[in-house]
Structures are given as C-alpha cells and as structure tokens.
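Take a look at the structure set out below.
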Amino acid sequence: MQKALLSLLLVSLFQVSLPAQNPLPIGQWRSHLPYQAGRFVTQSNDKVFYSTEFSIVSIDKVEMSIELLDKTRGLSSVGIEFIRYNPYSDILIVVYKDAVIDLIKPDGAVVTMAQIRNFSNFTGEKKVNDVYVENDSMVYLAANYGVSKINVFANEFVFTTFTGISVDYVHVFDGYIFASTEEGLYRAPSGGSVNLDDFGNWKLLGPEEGFPADYSPSALASYQNALYVGVNDTLFRYENNALSFVHSEFGSTLEFMTAEGIDLLVGFRPGRIVYLRPDGFIGILPGECVQTPNYAIEDGQGRIWLGNDRVGSGFQMLTQDFLGECRTININSPYSEAVWDMAVQNGQLWLASGGLDQTLSARFIPDGFASFIDGQWTVYNRDTREELKGEDLNSNDDDIQVFVTTAINPANGKVYMGSFIEGVVEIDGDKITQFKETNSTLQRAQGDPRVRVGGLAFDADNN
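Next up, the structure:
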C-alpha cells in the first residue's frame with residue numbers, strides 16, 4: 041500500500057531509539073513536507089511569502105529567517121494553487137486547487153471561505169485562476185465560472201458574475217473591471233451603475249475599442265497610469281482606446297505581470313522575465329534565476345523574488361539592479377510528497393519514492409529514495425548522485441529509479457532499495473552499488489528486459 045508523506049508519526053518511529061532528539065510531546069504529529077521549490081510568491085512590508093503545494097514559507101526580508109505554515113499549523117487544507125497578499129489590510133490570501141480560500145488575518149487567525157464549492161449555477165470542478173486586490177477590504181477573483189468580488193473583512197461574497205466561459209485574469213483600472221477570457225477582454229463599470237451579476241452588462245472589447253476582431257488576452261497590470269495587457273502573448277499598453285506595442289518573446293506565452301516595485305515585471309513561459317522601467321527601458325532578467333517562472337515580485341530594496349515549478353531550485357532571489365547575484369535559500373526536506381515504502385532501524389528512516397499504478401505498471405517517478413538521519417533529509421536520485429544515472433547519460437530511460445521497496449540489514453545496517461525496473465541498489469555508508477542480471481543472481485522478468493523487484497525482506501539469519 042502506498043504511504044503518504046504528508047505527516048509521519050515520528051513518535052512511533054523514534055520515541056524509543058532517539059528520545060532526546062524528538063522535540064514533540066508523545067502523541068503529537070510532525071510534518072515532513074517537500075520544500076524543494078517556491079511555486080508562487082507574494083510579499084508584505086517585512087516578509088516574502090512562498091507557496092508550495094502543501095505549505096507556505098515566510099522569509100524575513102532583513103534577517104532572512106524562515107517560518108513555515110502548513111495544515112498542522114493552521115492552514116485548512118493542502119493543494120495550494122497560489123497566494124496573494126493584501127498590503128492594505130495585511131491579509132494573506134491562500135487559494136487552493138478546489139477553490140477553497142483561506143484568509144490569514146493580521147493576528148494569525150485563519151478564516152476559511154468555502155462558498156465557491158457550493159455554487160449551484162456552475163457544475164463541475166471549480167477553480168480560481170487569479171486574484172486582484174482593490175483595497176483593504178475588496179478583492180476580485182477570476183475563476184473558471186466567472187468573476188467574484190469578496191469582502192475580506194466580512195468574509196463574504198459581494199457579487200458573482202457567472203460568465204459561461206473561464207476568466208483567467210481580472211483587473212480594475214480607471215473605473216472599469218476587466219476580465220480576460222478566451223473570447224477576448226470584457227469590461228464593465230465598477231462604480232455600481234450596472235448590475236454586475238448580469239454578464240450581459242459586460243462589454244467585449246473589439247475594434248471599436250482598439251482591439252483586434254479576433255484575439256486572445258492574458259495578464260493585466262496597471263503601471264505608470266496606463267493599463268498593460270497581454271494580447272496574443274504580446275505585451276501592449278492600452279491608452280485612449282488604442283493598443284501600443286511594447287514587447288514580445290518569440291515562441292513564448294505571456295503568463296503574468298506584476299508592478300509591486302518601481303518596475304513592471306512581465307513573465308513569459310517557458311523561461312523569460314522582462315522588466316520595464318519608468319523611463320521606458322526594457323531589459324531581461326538573467327536566466328540563471330528565472331527557471332520556469334510562475335510569478336515574480338520586486339521588493340523595496342529592488343530585489344526580485346521568483347516563483348517557479350522546477351523541483352530542487354529552492355527559493356530564489358535576484359539581488360539589486362537586475363544584473364546582480366542569484367541567491368537560493370534551501371530548506372532541508374524530502375524531495376516530494378511521493379512515498380511508496382518505508383523502513384526504520386536504529387533511528388534511521390529510509391523511504392522509497394517510486395510507485396505502481398492499479399495495473400501494477402511502474403509509475404516513472406524520478407524522485408529516487410531518501411533518508412532521514414539525525415534530523416536531516418538526504419535525497420538520492422539522478423540529480424544528486426551520479427551512480428543512479430544509467431549508462432546513457434543523454435537519456436533517462438535506463439536511470440535507476442521507480443524504487444518501490446526498501447529493507448535494512450539488521451546485522452550490518454546496509455540499506456537496500458528495490459527498483460521495479462532496474463534491480464536492487466545497496467547503500468553502504470556513502471557507497472552505492474547496483475545489482476542486476478549481469479552481476480548478481482537477479483533475473484529479468486519473463487518476456488521483459490527489466491529486472492523488476494517488488495519486495496525485499498531479511499530472514500532470521502539476516503539473509
């Protein structure tokens with residue numbers, strides 16, 4: 041049976057063998073979550089917040105000290121989609137994949153808003169795609185069902201417009217609410233002159249308003265008293281019912297815009313962030329820190345904090361002047377949440393991170409295996425150990441992976457990991473040795489070129 045890593049009951053694992061190293065009271069849980077990448081990022085005056093899928097990392101801007109927040113420390117759930125900070129009221133907004141929203145108030149209280157899940161006007165999966173902060177109390181949501189406005193003081197919905205099409209981004213500028221959809225950019229007056237619940241009162245912007253007859257909009261931002269909008273993955277400035285070209289990146293999709301610092305940051309996938317300065321200068325951030333950008337912010341010191349998906353990249357910050365040093369904050373943690381088997385002996389925990397599907401076919405999870413010894417995680421996979429790379433260094437096909445079983449020799453403490461595709465790996469201290477059909481009695485599966493090991497155990501004689 042697959043084992044989840046979201047919480048390990050360390051009391052039962054270590055209470056006897058390492059009582060002095062267990063900081064938990066008896067019966068309490070401790071989370072061991074992956075902190076290998078900060079997916080999304082936002083900021084307050086004194087802190088930067090990163091989100092992973094399971095938790096939030098808070099980094100002090102001056103001391104660079106770290107605090108962690110997860111389900112065991114107040115969050116209502118796991119599966120975080122993204123986060124935004126309301127600087128006017130100091131409320132951190134946590135959006136989950138199932139459209140549930142946590143509001144983390146200034147006093148640390150967490151208010152959970154689950155109303156979207158109960159919307160009867162929209163069937164199927166509900167998802168929030170974007171959040172726009174208007175002021176201290178009012179926040180707009182762009183969602184696959186439409187647009188909502190919520191009051192984060194009263195913890196209630198002000199209105200919801202069911203559009204019949206997914207809204208990817210929402211923004212308020214110059215007295216209008218803008219909604220970016222696959223059909224084009226819609227807008228409606230924000231001052232209460234029309235019933236915003238009725239999508240018929242929203243106007244699709246076309247040639248009369250300076251937009252093409254057929255186009256695909258994306259992110260939106262206000263900067264230097266103008267509205268910036270992505271049109272067909274190209275950055276434009278929209279003023280006086282006219283689009284003015286600003287920048288494009290060939291073969292890239294425009295994913296986000298932020299204007300929290302003195303510059304406008306524009307993120308393109310697969311891996312480019314452009315910055316626009318007040319004097320009109322356009323530059324490109326160095327690629328070392330950019331990776332695969334989901335979001336980026338500029339703080340008051342001119343540092344750029346970047347969120348991306350690449351596992352192992354840590355939490356990255358580019359120092360001042362855009363051409364500075366790329367610094368990475370690493371948090372010791374498991375590689376991911378994937379756990380298929382675990383073994384414990386002499387205060388050491390070893391886990392296998394592979395897996396099988398319902399047909400007993402290998403799930404090609406590249407996470408490898410890991411150990412937790414003396415309070416520290418060590419990860420073993422092709423990215424961290426050369427021994428786990430296959431003979432073909434240009435391909436991952438023959439890498440040693442899909443570890444689904446583990447056992448520890450009671451006599452000598454050697455650790456064994458069984459791969460469902462590449463035999464057995466022995467870990468003896470820092471030495472890693474692979475055993476397969478060419479150097480052991482292991483055999484290939486019948487009619488299969490793989491050496492499939494699905495279980496490991498030692499007998500009474502430690503064989």
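Quick note: the sequence shown uses our numbering, first residue 41, plus one each step. We put the beta carbon where it would ideally sit given N, CA and C, even for glycine.
Bridge partners - Met382, DSSP secondary structure assignment: Leu391
Exposure label - Phe443; buried when at least 16 CB within 10 Å: buried
DSSP beta-bridge partners of Glu279: Ala282
Close-in-space but distant-in-sequence residues of the same chain around Val234 (CB under 7 Å, 5 per side omitted): Excluding residues within five positions, the ones whose Cβ falls inside 7 Å are Ala228, Asn241.
The beta strand (DSSP E) enclosing Glu121, as first and last residue numbers: It spans 120-126 - the beta strand (DSSP E) in which Glu121 sits, taken as one unbroken run.
Pairwise C-alpha distance: Ser393 and Gly164: 32 Å
Best match in Tyr268, Val135, Gly430, Arg113 for proximity to Ala149 [C-alpha to C-alpha]: Per the C-alpha coordinates, the member of Tyr268, Val135, Gly430, Arg113 positioned closest to Ala149 is Arg113.
At least 3 beta-carbon pairs within less than 8 Å: the region 304-315 vs the region 282-290: With a cut-off of 8 Å, the region 282-290 and the region 304-315 count as touching, because enough Cβ pairs lie within range.
Span separating the alpha-carbon of Tyr36 from that of Ser230: No answer is possible for residue 36: the residues shown for the chain start at 41 and end at 503.
Beta carbon of Val493 nearer than 8 Å to that of Trp390: It is not a contact, given that the beta carbons lie outside the stated cut-off.
Own chain residues within Cβ distance below 7 Å of Lys87, not counting five before or after: Here the set comprises Ser98, Ile99, Asp100, Lys101.
Cβ-based neighbour list, Tyr136, same chain, cut-off 7 Å, excluding 5 preceding and 5 following: Ser117, Gly119, Ile120, Glu121
Contact the region 420-437 vs the region 405-412: 3+ CB pairs below 8 Å: yes
Same chain, Cβ closer than 8 Å to Asn265, five either side skipped, listed in chain order: none
Closer than 7 Å: Ser376 CB and nearest the ligand MN heavy atom: Annotation note on the ligand MN: not contained in the displayed structure, which lists no ligands.
Contact under 8 Å by Cβ, Leu210 with Tyr185: Checking the sequence, you will find Val at residue 210 rather than Leu. Going by C-beta atoms, Val210 is not nearer than 8 Å to Tyr185.
Beta strand (DSSP E) runs contained entirely in the region 67-149, provided each spans 3 or more residues: 80-83, 87-91, 96-100, 106-109, 120-126, 131-136, 141-144
Nonlocal neighbours in the same chain, by C-beta distance under 6 Å from Gln61, ignoring five residues either side: Because Gln61 carries a pLDDT of 40, less than 50, the predicted location of this residue cannot be relied on, and no value is offered for it.
Residues near Leu244 by beta carbon distance below 6 Å, same chain, minus five either side: Cβ-Cβ distances below 6 Å link Leu244 to Gly224, Tyr226 in the same chain, with the five nearest sequence neighbours on each side left out; the list follows chain order.
Bridge partners - Ala266, DSSP secondary structure assignment: Tyr263
Met178 versus Val134, Gly204, Ser160, Asn126, residue with shortest Cα-Cα distance: Asn126
Nearest candidate by alpha-carbon position, reference Thr203, set Phe239, Ile371, Asn191, Ile133: Phe239
Sufficient close CB pairs (3 or more, under 8 Å) joining the region 344-362 to the region 315-329: yes
Spatial neighbours of Ser284 in its chain, beta-carbon cut-off 7 Å, leaving aside the 5 residues before and after: So the list reads Phe276, Arg277, once near-sequence residues are dropped.
Exposure label - Arg157; buried when at least 16 CB within 10 Å: exposed
Inter-stretch contact (C-beta, 8 Å, three-pair minimum) for the region 345-353 and the region 66-80: yes
Cβ shell of Pro318 (< 8 Å), same chain only, five flanking positions each side left out: Gln264, Ile302, Asp303
For Asn386 and Ser52, the rounded distance between their alpha carbons: At Ser52 the pLDDT is 32, less than 50, meaning the model places this residue with poor confidence; the figure from the coordinates comes in the next sentence. Approximately 13 Å, taken between the alpha carbons.
Arg124 burial status per 10 Å Cβ neighbour count (16 or more: buried): Flag for Arg124 reads buried.
Nearest residue (CA-CA) to Tyr375, options Ile337, Leu358, Thr418, Gln341: The candidate whose alpha carbon is nearest that of Tyr375 is Thr418.
Ser401 - partner residues in DSSP beta bridges: Ser401 is not bridged to any residue.
Collapsed DSSP secondary structure at Gly323 in the structure displayed: strand
The region 166-178 / the region 139-154 touching (three or more Cβ pairs under 8 Å): yes
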